[in-house]
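First residue of the sequence shown: 28, per the numbering used here; consecutive thereafter. For reference, the structure is listed below as structure tokens.
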Amino acid sequence: MSSKVALLQLPTLSMSGARIDYYLRIAKESGASLTLLGEYVLNSFFAELVKMPNSMINEQISHKFELMKELSVKHSIVIVSPFIKECENGYIKGIAKFENGEFEFWEQNFLINYSHWNEKEFFKNSKKELEIATFEHDGFKFGVMNGFDMHFDICWVKMFEAEVDAVLVPTASTFESNHRWESMLKTRAFTNLVYILRANRIGKTKIEESSFDFYGDSFAISPNGLISSRLKDEEGILLFELSNEELKLERSLWKFREALSEKLLP
């Protein structure tokens, strides 16, 4: 059993649907049934959102929401992406899944709270209990984890308890952090014996004295902790095929999950 996933490496998309329509068509024609977008691809970067009037943010959210629902039907493909949702007193950041015109949303658990990148101050995420995004597709169980959530061990414990086969990690990584991200995700893939598919956005944003250079480097990591395929720093699409046989082989060889299940699962 196998499943092909497409990682789309893009900057923030304009209101035009032409570019994303093109890539989704290519993904579908190449055999992919699921696609992952990076952080702040459907929505403007948070530091830009802070300066935008609410009317403009709301228009962007509404337009992209309807567009993704429409394209998920048109191309018969599942679209997974970070997304901003309007709430009573502002906006919530989380993960969206568009499938057959339907919409599912999971609130992000942890928000960056650094002086130069303070999402916690802007977004109104309020869910107290940890919520992990999971869904089944093509015989595999997928988990989705925003880039910042990935740093917390408790999120990986929840992924283990959910018995996922692959973790989708959409990011907006910058500041030449690619080697750190590679090391972290390779280790997580191996110790959890799962596929990890990371889609990182590209593009540049300058806000006051801070310059954000999103470098791409999207990649797919196999359960043995090795990078199987990757993109460079340009716009593009990465197609990767998950294999149930590879999962079974690596789990039978290393038995980490078997040992953990005796302690953590009923």
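Backbone N, C-alpha and C fix where the C-beta goes; we use that ideal spot for every residue, glycine too. All values reported here derive from a predicted model rather than from experimental measurement.
C-alpha distance - residue i paired with residue j, whole-angstrom precision
i, j, result
"S43", "I181", "39 Å"
"P250", "N271", "11 Å"
"G170", "D260", "25 Å"
"N152", "E115", "11 Å"
"D48", "K213", "31 Å"
"M211", "G174", "11 Å"
"S255", "L34", "13 Å"
DSSP state of residue i mapped onto helix, strand, coil
i, result
"Y67", "coil"
"Y260", "Per the sequence shown, residue 260 should be read as Asp rather than Tyr. Correct three-state label for D260: coil."
"V171", "strand"
"E56", "helix"
"T316", "Missing from the structure shown is residue 316; the chain here goes from 28 to 293 and no further."
"I159", "coil"
"R228", "coil"
"S279", "helix"
Same chain, Cβ closer than 8 Å to residue i, neighbours up to 5 away in sequence not counted
i, result
"L76", "N70, I84, I111, Y118 and F149"
"E190", "K168"
"P38", "V68, R228, I229, G230, F241 and E262"
"L253", "K213"
Limits of the unbroken alpha helix (DSSP H) element including residue i
i, result
"Q87", "N81 to K101"
Contacting residues, own chain, Cβ-Cβ under 6 Å from residue i (five flanking each side not counted)
i, result
"W133", "G121, I122, E158 and A160"
"K147", "L138 and N140"
Per-residue burial, residue i [other beta carbons within 10 Å of its own, 16 or more giving buried]
i, result
"A226", "buried"
"M28", "exposed"
"N219", "buried"
"M186", "buried"
"K91", "buried"
"R207", "exposed"
Element boundaries [beta strand (DSSP E), containing residue i]
i, result
"K112", "V105 to C114"
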